[in-house]
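Working notes, beginning with the structure itself.
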Amino acid sequence: MDQNTLVIFLLMVFGTVLLLSQIIIIPTFGSSAQESRRLRQRLLEIDNQNREAAVTSLVREEQLRRMGPFERRLNSMPMMRPLQRLLDQTGRRTPAYRVVLLMMALASVAALGAWLFAPAFWVVLLVAAIAGFLPLMKLRQERNKRLEQFEEQLPDALDFMVRALRAGTPFSAAMSYVSAEMGGPVAEEFGLTFDEINYGRDVPQAFNLLMLRVPSLSLMAMTTSISIQRETGGNLAEVLEKISQLLRGRFRFQRQIRTLTAEGRLSAWVLGLIPVILFGAMGMLQPEVYGKFFQTETGVFLAELGIGLMVVGMLWIGRLINIEV
13 MDQNTLVIFL
23 LMVFGTVLLL
33 SQIIIIPTFG
43 SSAQESRRLR
53 QRLLEIDNQN
63 REAAVTSLVR
73 EEQLRRMGPF
83 ERRLNSMPMM
93 RPLQRLLDQT
103 GRRTPAYRVV
113 LLMMALASVA
123 ALGAWLFAPA
133 FWVVLLVAAI
143 AGFLPLMKLR
153 QERNKRLEQF
163 EEQLPDALDF
173 MVRALRAGTP
183 FSAAMSYVSA
193 EMGGPVAEEF
203 GLTFDEINYG
213 RDVPQAFNLL
223 MLRVPSLSLM
233 AMTTSISIQR
243 ETGGNLAEVL
253 EKISQLLRGR
263 FRFQRQIRTL
273 TAEGRLSAWV
283 LGLIPVILFG
293 AMGMLQPEVY
303 GKFFQTETGV
313 FLAELGIGLM
323 VVGMLWIGRL
333 INIEV
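If you want it as structure tokens, here you go:
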């Protein structure tokens, strides 16, 4: 492996570590991990209940009708379930197998391009892995953006439903009014839930499917309150009004936290990118330095130690700036 290939390889290692720390490690071990675990546990319970009841959403039924036999067989594979759920949470109506084919195509093209410019096995493998996971990163970004928009709209939707209920409108009709009058993901999801109830779906099952499409603690509070009210009775309008007030206060506090931690997030990105930029600049200006450095065991050990300390530092900063509300 020549010096230029070694520099490119180590740059990719640093970039991969940075991406993993920002996309996977910090959300997994940050202070918001407890909330994610609670949501994951609840969604797993809902998914098990729906699987036992053989529940299929209207959107999924429409997708299956448009597919051929071979496509249905591909999309029904167990490994496609998490990806299909991610697609449902982004609001896309794309079958999961098409995303897998896109990932394979991107990885193949990127591997071919990397082999032409730097014919080294590890370089090709890293480039193919990063290119292949780009669609997943994009879908995850869209999912998070859609969830934020849904949670921002949910208090207004609850206020709308409260006014409709106090005017004597049935609960399902109030949901249809929200779908007709509002826009964005709230209107789409409430409208789909209303259609499922109208087509004979039980209300708990319809809300369970809604929770699978929108994994949000705010929505979980609303659906739990509605389920309890249906079993015990009470003033649903008053309950939804109190939930709306609580969600507004929580959302306001979250915005304040994001404002106060903006400097910390920027510092995390700067501290994570500076080693990569300096390493690349030195490799371009004086590539012979790295040739001697990585030919010794001490140099390799220091490089591994530096990557490990970068991961620890990103984890530490992530725990400091991710404040659970």
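Plus 12 on top of the position in the sequence shown (first one is 1) and you've got our numbering. Beta carbons are placed, not taken as given, at the ideal position from N, Cα and C, and that holds for glycine.
Asked	Found
Under a three-way DSSP split, which group does Gly180 fall into?	coil
What's the C-alpha gap between Arg213 and Asp207?	9 Å
Using a threshold of 9 Å, state whether the C-beta atoms of Tyr189 and Phe162 are closer than that.	no
Does DSSP put Arg247 in a helix, in a strand, or in coil?	Correcting the residue identity first, residue 247 is Asn in this sequence and not Arg. Residue state, collapsed to three classes: coil.
Whose C-alpha, out of Gly303, Leu297 and Arg110, is nearest the C-alpha of Leu95?	Arg110
Grab the span of the alpha helix (DSSP H) containing Val111 for me, first residue to last.	Ala108 to Phe129
Indicate whether at least one CB of chain D lies closer than 9 Å to the CB of Leu114.	Chain labels in this structure do not include chain D; a single protein chain is all it has.
Just checking my contact of Leu222 with Leu229 at CB under 8 Å: how many whole Å lie between their CB atoms?	The Cβ separation is near 14 Å, so there is no contact.
Cα separation between Lys157 and Gln241?	31 Å
Could you give the DSSP three-state label for Tyr211: helix, strand or coil?	coil
Alpha helix (DSSP H) containing Met91: first to last residue?	Counting along the chain, Met91 falls outside any alpha helix (DSSP H), and DSSP gives it neither H nor E.
Can you tell me which of the three DSSP states Met322 falls into?	helix
Do the CB positions of Val198 and Glu253 come within less than 9 Å of each other?	no
I'd like the list of long-range same chain contacts for Ile333, defined as Cβ closer than 6 Å, with 5 residues on each side in sequence excluded.	Thr273, Gly276 and Arg277
Return the first residue and the last residue of the alpha helix (DSSP H) that Ser279 is part of.	Ala274 to Leu297
Identify which residue in Ala140, Gln307, Pro216 and Val323 has its Cα closest to the Cα of Pro287.	Val323
Helix or strand or just coil, what does DSSP make of Thr308?	coil
Does the distance from the CB of Leu146 to the CB of Met115 come in under 9 Å?	yes
Determine the direct distance from the alpha carbon of Val282 to that of Phe219, and round the result to whole angstroms.	42 Å
Rounded to the nearest angstrom, what separates Ala132 and Tyr302 at their Cα positions?	18 Å
Whole angstroms is fine: what's the gap from Val67's alpha carbon to Gln217's?	Low confidence applies to Val67: its pLDDT is 45, below 50, so where it sits in the model is not reliable, and the reading given next is rough at best. The straight-line gap from Cα to Cα measures roughly 8 Å.
Ala169 and Phe202 - do their beta-carbons sit closer together than 9 Å?	yes
Identify whether Pro147 lies in helix, strand or coil by the three-state DSSP scheme.	helix
Apply the 10 Å Cβ neighbour rule to Gly330 and answer buried if 16 or more other Cβ atoms are within range, or exposed otherwise.	buried
Between Val135 and Ala122, which are expected to be in contact by the criterion C-beta below 8 Å, what is the C-beta distance as a whole number of angstroms?	Incorrect: roughly 11 Å between the Cβ atoms, too far for contact.
Quick check: the Cα distance between Leu166 and Phe263, rounded to an integer number of angstroms?	10 Å
Roughly how far, in whole angstroms, is the beta-carbon of Pro227 from the beta-carbon of Gln101, given that I think they are within contact range, below 8 Å?	7 Å
Taking the CB atoms as reference points, tell me whether Ala119 and Gly144 lie closer together than 9 Å.	yes
Using a threshold of 9 Å, state whether the C-beta atoms of Ala249 and Leu159 are closer than that.	no
Which value, in whole angstroms, describes the spacing of the CA atoms of Tyr211 and Phe183?	15 Å
Going by beta-carbon coordinates alone, are Val251 and Ser239 separated by less than 9 Å?	no
Can you look up Ser226 in the DSSP assignment and give me helix, strand or coil?	The question names Ser, but residue 226 is Val in the sequence shown. Note: Val226 maps to coil in three-state DSSP.
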